[in-house]
Amino acid sequence: MAAAEGDFYSAAMEWHFGPETGSPFWLAKADSLGFDPRRDVRTHADLRRFPNVVGELRNVPVEALIPRGYGDRPDVIGAFDSGGTTGAPKRVLLMSDWMRHSLTWKSLRMDDLGFPFDANWLTIAPSGPHIFGRLMAEVTRMRGGICFTIDLDPRWVRKSLALGRTEEANRYADHVVDQAHSILEQQDIGVLVVTPPLLVRMAESDRLVDLVNEKVSVIMWGGAHLDADTRAVLQGEVFPKVRLCGQYGSTMILGGSMERAGSGKPAGQCVFDSFSPYTTFSVVDPDSLKEVAEGERGQVVMHHVSKSLLLPNNLERDLATRVAAPAGALGVSVADVTPVAVFEEAQVIEGVY
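With full-length UniProt numbering applied, the sequence shown corresponds to residues 1 to 353, in that order.
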């Protein structure tokens with residue numbers, strides 16, 4: 001065990017389970033865990049000892065998630081929901097210190113990928129209760145640009161599709177794309193943030209394709225999966241003048257990761273590295289929940305361990321190939337992410353996000 005790994009988890013467990021600093025949620029759970037986190041959690045592998053408590057976040061008062069160590073007036077950006085793909089959404093809090101810390105890291109990854117500075121962004125993403133839009137607005141500001149936004153209601157699209165109202169879902173997607181067309185015609189946009197289903201729909205318009213190739217230098221996609229063949233066509237034939245870069249994450253880890261620089265080529269895998277040691281990935285067999293070998297596919301488990309939140313051992317609704325993490329990073333990296341067909345006994349419908 002590396003000393004740095006042990007020191008990190010020792011400090012984290014002291015914070016989250018110390019009576020003066022821990023959150024009411026975890027302090028109330030401590031006696032029922034069957035182990036003492038302050039004594040027994042010293043490695044990344046030890047996080048698997050925790051129960052998956054994400055389902056409880058549908059009903060927990062969000063104030064109970066704030067570590068007492070933040071004091072009487074914690075700087076909370078807001079409460080944010082999961083997508084609600086499998087039922088009532090779960091809720092977590094975004095603290096200002098975590099937002100700054102994680103977006104600084106993400107912005108550095110954008111530097112590696114060739115994102116421009118001082119460029120305006122067009123973000124087609126869920127806002128309101130969803131964290132994605134909030135983070136994109138902030139990272140645009142950090143990088144010196146102005147963020148243009150188009151709101152997206154993924155729950156309405158999923159509901160329409162689940163009820164067989166395909167035409168209604170299509171009309172809504174057209175409504176969103178029409179707004180993107182207007183902004184791209186009228187404004188200088190250097191970065192386009194969009195979900196793969198909407199990007200494919202935009203690619204059906206010759207005028208939109210011309211506008212994106214003329215103005216945009218980077219398309220950042222995320223929120224839904226993009227298979228390698230479609231990406232190769234979009235990059236090589238539709239948007240040859242624009243760099244396509246993916247991001248992958250979850251509200252339950254309060255953010256996401258950018259693809260590894262140099263990955264995602266038409267003949268290669270799109271690899272996502274986590275923000276180790278704060279957010280990390282594991283890949284497990286869906287039946288046994290044991291970790292799969294490198295190069296094998298399994299279901300993604302996400303862990304968040306920061307000052308603002310402890311949420312380990314969260315089984316996500318995605319399948320991925322396990323890839324070795326960068327040197328010195330904890331956990332693993334993931335590639336070729338796709339949704340599972342059924343999660344928590346509910347059919348998974350991506351829709352537009």
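We put the CB at the ideal spot given by N, CA and C, even for glycine.
Chain D contact for residue i (CB, 8 Å cutoff)
{"i": "E168", "result": "In the structure shown, chain D does not exist; there is a single protein chain."}
Beta-carbon contacts of residue i that lie in its chain and below 8 Å, excluding the five residues immediately before and after
{"i": "I146", "result": "N120, W121, T140"}
{"i": "D46", "result": "Y9, D40"}
{"i": "P240", "result": "N213"}
{"i": "A228", "result": "P266, Q269, C270, D336"}
{"i": "E5", "result": "R42, T43, H44, P277, L330"}
Helix, strand or coil at residue i according to DSSP, with G and I counted as helix
{"i": "I219", "result": "strand"}
{"i": "D75", "result": "coil"}
{"i": "E316", "result": "strand"}
{"i": "F8", "result": "helix"}
{"i": "H225", "result": "coil"}
{"i": "P338", "result": "Before going further, note that residue 338 is Thr rather than Pro in the sequence given. T338 falls in the strand class under three-state DSSP."}
{"i": "L192", "result": "strand"}
{"i": "S306", "result": "coil"}
{"i": "L198", "result": "helix"}
{"i": "residue 371", "result": "Here the chain comprises residues numbered 1 to 353, so residue 371 is not present and cannot be evaluated."}
{"i": "G236", "result": "helix"}
{"i": "Q247", "result": "strand"}
{"i": "S102", "result": "helix"}
{"i": "L311", "result": "strand"}
Rounded C-alpha distance that separates residue i from residue j
{"i": "R68", "j": "F17", "result": "10 Å"}
{"i": "V200", "j": "D178", "result": "14 Å"}
{"i": "M110", "j": "A137", "result": "15 Å"}
{"i": "T280", "j": "L330", "result": "7 Å"}
{"i": "W98", "j": "D75", "result": "10 Å"}
{"i": "P89", "j": "P339", "result": "18 Å"}
{"i": "H130", "j": "E259", "result": "21 Å"}
{"i": "V337", "j": "E56", "result": "26 Å"}
{"i": "R231", "j": "E294", "result": "24 Å"}
{"i": "T251", "j": "P197", "result": "20 Å"}
{"i": "G262", "j": "V238", "result": "20 Å"}
{"i": "V60", "j": "E316", "result": "19 Å"}
{"i": "A3", "j": "V233", "result": "46 Å"}
{"i": "G246", "j": "L226", "result": "9 Å"}
{"i": "V332", "j": "F275", "result": "11 Å"}
{"i": "R165", "j": "G133", "result": "26 Å"}
{"i": "G222", "j": "A28", "result": "36 Å"}
{"i": "V334", "j": "E296", "result": "10 Å"}
{"i": "A327", "j": "S282", "result": "16 Å"}
Cutoff 7 Å; reference residue i; Cβ partners in own chain excluding five residues on either side
{"i": "G144", "result": "F117, D118"}
{"i": "K290", "result": "V284"}
{"i": "A267", "result": "In this prediction, A267 scores a pLDDT of 48, lower than 50, which makes its location untrustworthy; no coordinate-derived value is stated."}
Close-in-space but distant-in-sequence residues of the same chain around residue i (CB under 6 Å, 5 per side omitted)
{"i": "A30", "result": "F17"}
{"i": "F115", "result": "V218"}
{"i": "E345", "result": "Confidence in E345 is poor, its pLDDT being 49 and thus under 50, which makes the residue's placement unreliable; the coordinate value appears in the next sentence. Cβ neighbours of E345 beyond the five flanking positions: none."}
{"i": "M202", "result": "V177, L208"}
{"i": "residue 355", "result": "Shown here, the chain extends from 1 to 353; a query on residue 355 therefore has no answer."}
Could you give the uninterrupted runs of the alpha helix (DSSP H) lying entirely in the segment 107–169, keeping only those of 4 residues or more? Counting whole runs of 4 or more residues, the segment 107–169 contains the alpha helix (DSSP H) stretches 131–142, 154–162.
Would you call the segment 197–213 and the segment 178–188 in contact, with 3 or more CB pairs under 8 Å? These segments touch.
Are three or more beta carbon pairs between the segment 46–65 and the segment 310–323 nearer than 8 Å? Contact between the segment 46–65 and the segment 310–323 is present, because at least three Cβ pairs lie under 8 Å.
Within 8 Å, do at least three Cβ pairs link the segment 242–259 to the segment 100–113? At 8 Å Cβ cutoff, the stretches touch.
Should the segment 268–286 be regarded as contacting the segment 319–332, the criterion being three or more beta carbon pairs within less than 8 Å? Yes, they touch.
Do the segment 186–196 and the segment 121–134 make contact, defined as three or more Cβ pairs closer than 8 Å? The segment 186–196, when compared against the segment 121–134, does touch it at the 8 Å Cβ threshold.
Taking three-plus beta-carbon pairs below 8 Å as touching, is the segment 23–34 in contact with the segment 54–74? Yes: the two stretches touch, three or more of their Cβ pairs being nearer than 8 Å.
Enumerated in chain order, which unbroken segments of the alpha helix (DSSP H) with a length of 4 residues or greater are wholly contained in the segment 250–298? None, since the segment 250–298 contains no complete alpha helix (DSSP H) of that length.
Curious, which full-length beta strand (DSSP E) runs of at least 3 residues does the segment 32–79 contain? As far as the segment 32–79 is concerned, it has no whole beta strand (DSSP E) run of at least 3 residues.
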